[in-house]
Amino acid sequence: MNYKLISGILGAFVVGLRNVFKRRMTLKYPEEHLEIESGYTYDAKTETGSPGFKGRHILYTDKCTGCSLCAIACENIADCIDMVKVEGSWPTNPKNIMPQIDYGRCVFCGFCVDACPFDCLFMTPEYELSATDKRKLVHTPFQLAVFPEKKGNVKLIPDDRGAYHD
Amino acid sequence: MPNSVMNVVDQGGDRLVLHVGPQHPGSGHFRIIVTVDGDYIVDAKPDPGYVHRGAEKMAEYRDYIQNIPHLERPVIIDASGVTLPYVLAAEKIIGVEPPVRAEYIRMIMAELNRIISHLYWLAIYGIFLGHSTMFMWPMGDRELFIDLAESIGGTRVTFSYIVPGGVRNDIPINFKERALKTFDYFEKRIKEYEKIFFNNPLMAARTEGIGVLKKDDAIRLGITGSNLRASGVDSDTRKDEPYCMYKKVDFDIPTRQEGDSYARCVVRLRELQQSMNIIKQVFDLIEPGPVKQVLGGVMRGEPGEAFVRTEAARGTMFYHIVSDGDKIPYRVKISVPSFRNLIGMSHLLIGSRLADMPAIYWSLDYWPVEADR
Amino acid sequence: MIETFEEFVKRILALLFWFILLSPLIIFPILFLLVPIFGIDVTTVNEILTASIDPIKALKLVEELGLGPSSTFFKVVAFPGFTFAALVATITILYERKLIAKTQLRVGPLYAGRFEGFLQPIADLFKLLGKELIVPEKADKAFFWAAPILSLALGASLLAVIPLSPTIYIARSDFSLLIPFAIIGFSPLVVLIAAWASSNKFAFIGGLRALHQLAAYEIPMLISILGVVVLTGSFDLMEIVEAQKNMWFIIPQFLGAIIFYITILSELERVPFDLPEAETEIVSGWLTEYTGMHFGLLQLGVYIKFYVLALLFTLLFLGGWNGPAFLPPVVWLLTKLFFVISLIIFPRAVLPRLRLDQLIRIGWAWLIALSFINLFIAVIESSLGVI
C-alpha cells in the first residue's frame, strides 16, 4: 500500500468529479447545426483558392461554357462528373452541355473547382445530401444551380467551463 | 477487451490455435493467428492483407494531382502526413519549388494531423483497457482539432490540401486566435488526462513491464516511430533529415528508456505537446506571401527518380517515385511504418499473456489499412 | 402500421375510452347477478363499487381486508419491500447512465421524457417486454428458465430483515446482519446455473471466471464487517445503527469500510472488476444467451442486490438513519444511500479494468490480510473502550 497507489486513485476520482460539473460537449443534432462560414472557392487567375467547406457544388449556369475541364479532372479520381445536354439557349455555352454530379461517387476533393477556368463551379457548406433512392443522388445542372439555405446556429467553443456548442 | 469470432483449432497437447480474426471490433481488418499454451502465447503470426487493393498499381494510372486523393485514402486519419512525402517527391520530379509560406502551412497541417491521429490512438487504447472515459474525452477533444483542420482544408478528414507547387488555399484570417485558444484549452486537458489515465495505478498495472522492446531489438528489427523512441533510440526524421522548414523550429524529441507499453503511451502524449509547440513557433515565423507556385498546364515530370522520407504520425514514411517523362508516374513505391512495425508485434507477443494482447498490440499503433495499402 | 407518436397516443386513448365505457356495462350486471347466486349482500357490492371511485372509502376497505399500509403484505410488497427496491433499482440504472455520461462530457439518455430522459427506464421496460424470448436448442430448459427467477428471488429475499428506520422494517431478527450475507453467498450458484444452462462454451468459460472472482472476494467481505460486530457486540442491524449515535463507524473502522467497498464492487461485477462481462472470447459473460425479459429479470436481480449492498454499507458504516432531528430518519437514510450509490457507480467512469490474475491476487492475498488487520484493530478499539 504505497502512497502512489492511493494518491493515483484519489486523483482519478477528483478529476472525474471535476468534470461532472463542466458543460457537456454534445452537439444536439438535428436540433442544432454547426455554423459553417463559407464554401470553397477558387480563383482561376491567381490559381489559389480561398478556405471554405467542401460540400455540395454550386454551378453558375450563366458563366459555364461547357469546356468539360471539370469532367476531365475528375475522370481518374472519382469519375462522377458527366456532361449532359441542357435545354434552352445559353449565350456562353454554344455546345449546350453542363456538368451533372453523382454524389454517390463524389469524394469532395474539390479538384473540379480548381480545374474550372471560368470561376463558375464552387462548393457550398451544404452537407446533408442523403437520399432514399440512389438515382436521386445524381444532381442535374439545374439542381446544382440552387444555393442552399443557411442552417448553422452553434459553434464549438473551448472555454474554462469545458468545450461546448453554443 | 473487444469481442472476436474465433475458430478454435486443437493443436494437440495443451496448445490451442486461435484466429483473432478480421472481424475484430476495434482492431481493424487484420488477423493474428495465435498459438496459446494455457494463458501464454507461444507463437503469433500476423496475417495482413485483408484490405489490400493495389494502391501502388492504381497510382500508375493517375496524374500527379489525381493521385493525391487516391494516396491519402490508405491512412485516412493522418491524411496530410502521408501526402506530404508524395508531394515532396513529385515536386522533385516536376522540378518546382513551393514558396516559403506554403512550406510553413504544410508544417501546420502535418502537425495538426499528428495530433488528430494520436488522439484517436489514445481513445482506442483507453477502450481496450476498459476505461470508457478515456475513450470519450480524447474523441471529444479531437473535434476541436478537426474543426481547426476543417477551417483550412475544407473537409474533416481527407483534405487533399497539399499539392505540388504549394498548398491549395491560404489559411483563414482568424485561424491564429482560434488555434491558440484551442491549444490553451488542450494543455489543461492534457493535465487531466495524466491524472485520470497516465498516473492511474490500475493502468500502470496493466501496461508497465508489458511488451518490453529492448533497444538493440528495436534497432535490429527495424521498428520506426514512437515505438523506437520509447525504447531509448533518439531518432526522428524531422531532426535527422529535415524537410519543409523543420530546421527553423526548435522542438524536443521525447524518449523513454524502458520500452514497455507504458513508455510508448507517454512518448505519444509528449509528442502531442511538442506538436502544439511547433505550431505556435510557426505562427511567429510565418510571413505573408503567395501560397502556390503558378504552374500553368499539365504537370509533366522529367525522367528520373525521387525519394523522400518524412515522419508521419506512426513513424517514418518513405516514397520512391520513378517517372519516364509522362504526366503519370511510372512506379510509386510506398514504404509505410505500420508494415515495418508488424515484425515487432510478433516479436513482442511471444511470451506474453493472452489477456495482454490488446494492450501490446495497440500500443504499437498498427493501422491495418496502411499496412495493406 | 402506427407511424407517428400522435397516432400511437390516439390509439391508446381510444382503447382507454372503450375500456372505461364498456367495463361498467359488463361488470355491473355480473356483480349484481352474483348476488342471488352466491348470496353476497348487496351492500358489499355497493361498497366495492363506491370504493372504486372514492379513494378514502377504498383505503378503508383495503385496511379491513388486511392489506393496508401497516400490514405485512404492504410492507413486503410495496414499502420498504419489493416495489420500493425495484423502483430504486430502475432509478439507479438511469442515474448510472446519466452520471457516467456527465463525467464523459456527453448527454446520456435524452429523448425519452421531456426532461433529460427521465422516462428512459419505462422505455427500456417496454423494449425488453417486446422482445422474443429465445431459448437455445441445446439448453437445459428447466435451468434456463430458472436462472432469472432465482436471481430475482435472491435479490428480493435480501430485503426481509433490513430496517430503513426505527419504525420501518419488515421483520426484526437478532441476526439481521448475517442473513443477507448468507443469502448473497448463493449468487455464485445463480451464475453457475445461468452459465451451465446456456450450453454455450464461451458463456460457460465466462461463468467460471465470474465464479473465481465471486469466490475470491467472499471472505474479505465477511471479515471486514466483523469489526463492526466486535465494536457493537450484537448482530442486530437496529442495535448497530443505535450504537452509531455519537460517531459513525467509518471513523474507527476506516480500513474495514474501504475493504467492504472494494468487495461490493467485485460482488456486483463492476469496474474495475468487470472482466467477466467484457472478455475477448465472451460476448457478455455468463448472461450471453439471455434475451428480452429473461435478461431484464436477471439485471433487476443484480440491481436489487446493488441496492441492498449499498443499504448495508450505509447502515454499517455511515450511521444509518442517525442525523439531526429536523428531518425524519428515513430521509437521512435515503440521502446517505444516494451518496453511497453514486460512490459505487463512479469507478466505472474513472478506472480501467483489471486482468483476471491481478484481480484474484488482490482478493486472496491483499484483502484477506488487510481485513484481518482491521479485525485486530477493532478488537483493540473495543477493549480500549473507544465507543
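So the protein sequences, as listed, match chains C, H and Y. If you're matching positions, the first sequence starts at 91 in our numbering and goes up one per residue. If you're matching positions, the second sequence starts at 658 in our numbering and goes up one per residue. If you're matching positions, the third sequence starts at 4 in our numbering and goes up one per residue. Ideal Cβ placement from N, Cα and C applies to all residues, glycine included. These numbers were taken from a predicted model, which means no experiment stands behind them.
Excluding five sequence positions before and after VAL274/Y, the CB atoms of its chain that fall closer than 8 Å to its own CB belong to LEU268, PRO350, ARG351, LEU354, PRO355 and ARG356, given in chain order. Per DSSP, SER789/H has no beta bridge partner at all. Sequence-distant Cβ neighbours of ALA174/Y in its own chain, meaning closer than 6 Å and more than five residues away, are ALA163 and VAL164. Counting along the chain, MET860/H sits inside the alpha helix (DSSP H) bounded by residues 858-864. The Cβ of VAL244/C sits no closer than 8 Å to any Cβ of chain Y. Relative to GLU218/C, the option among ARG146/C, CYS164/C and GLU125/C whose CA is nearest is ARG146/C. Residues of chain Y with a Cβ closer than 7 Å to the Cβ of ALA1012/H are, in chain order, ARG358 and LEU359. Of TYR718/H, ILE722/H, ALA701/H and VAL739/H, the smallest CA-CA separation from ALA1028/H is found for VAL739/H.
Pairing TYR150/C with CYS210/C gives a Cβ-Cβ distance under 8 Å.
Residue pairing by DSSP places SER992/H opposite PHE975/H in a beta bridge. Beyond the five residues adjoining it in sequence on each side, VAL708/H comes within less than 7 Å, by CB distance, of HIS686, PRO1025, VAL1026 and ASP1029 in the same chain, given in chain order. Residue burial annotation: VAL744/H is buried, with at least 16 other C-beta atoms found within 10 angstroms of its C-beta. When only Cα atoms are considered, LEU1021/H and GLY711/H end up about 24 Å apart.
Cβ-Cβ distances below 7 Å link LEU155/Y to LEU300, LEU303 and GLY304 in the same chain, with the five nearest sequence neighbours on each side left out; the list follows chain order. With respect to chain Y, the C-beta atom of MET766/H has no partner C-beta closer than 8 Å. Taking 9 Å as the cut-off between beta carbons, the residues of the stretch 94-119 of chain Y near chain C are LEU102, ALA104, LYS105, THR106, GLN107, LEU108, ARG109, VAL110 and LEU113, in sequence order. Within its own chain, the residues whose Cβ lies closer than 6 Å to the Cβ of ILE765/H, once the five positions on either side in sequence are excluded, are ILE936 and VAL939, listed in chain order.
Taking LYS118/C as the centre and dropping the five residues before and after it, the same chain places no C-beta closer than 6 Å to its C-beta. Remark: C-beta atoms of SER918/H and ALA780/H do not approach each other more closely than 8 Å. Distance from the CA atom of ARG108/C to the CA atom of TRP794/H, rounded to whole angstroms, is 13 Å. Per DSSP, LYS339/Y lies in no beta strand (DSSP E) segment; the continuous alpha helix (DSSP H) that holds it begins and ends at 332-348. According to DSSP, residue pairing for ARG358/Y in a beta bridge does not occur. If only complete runs of 4 or more residues are kept, the stretch 122-162 of chain Y shows the alpha helix (DSSP H) at 123-133 and 144-160, in order along the chain.
Any Cβ of chain Y closer than 8 Å to the Cβ of ASN109/C would place that residue at the interface, and such an atom is present. Below the 9 Å Cβ cutoff, chain Y contributes GLN107, LEU108 and ARG109 as neighbours of GLY797/H, in chain order.
For ILE847/H, the closest Cβ of chain C is not nearer than 8 Å.
In this structure, the beta-carbon distance from GLU962/H to ILE978/H falls below 8 Å. Beyond the five residues adjoining it in sequence on each side, ILE348/Y comes within less than 6 Å, by CB distance, of GLU99 and LEU102 in the same chain, given in chain order. Across the set GLU915/H, TYR777/H, HIS788/H and ALA746/H, the C-alpha of ALA746/H shows the shortest separation from the C-alpha of ILE819/H.
Of the other Cβ atoms in all chains shown, fewer than 16 fall within 10 Å of the Cβ of GLY242/C; this residue is therefore exposed. By the 16-neighbour rule on beta-carbons within 10 angstroms, TRP21/Y is exposed. Taking C-alpha positions only, PHE146/Y is separated from ALA200/Y by approximately 6 Å. Taking 8 Å as the CB threshold, ALA260/Y stays off the interface with chain H. Only residues of its own chain outside the window of five on either side were considered, and among them ILE171, ASP172, MET173, VAL174, VAL228, HIS229, THR230, PRO231 and LEU234 have a CB closer than 8 Å to the CB of GLN190/C, listed in chain order. Residues of the same chain with a CB within less than 7 Å of the CB of ILE96/Y, apart from the 5 flanking positions on each side, are PRO124 and TYR306 in chain order.
Neighbourhood of PHE342/Y in chain C, by CB distance below 8 Å: empty, with the nearest CB roughly 13 Å away.
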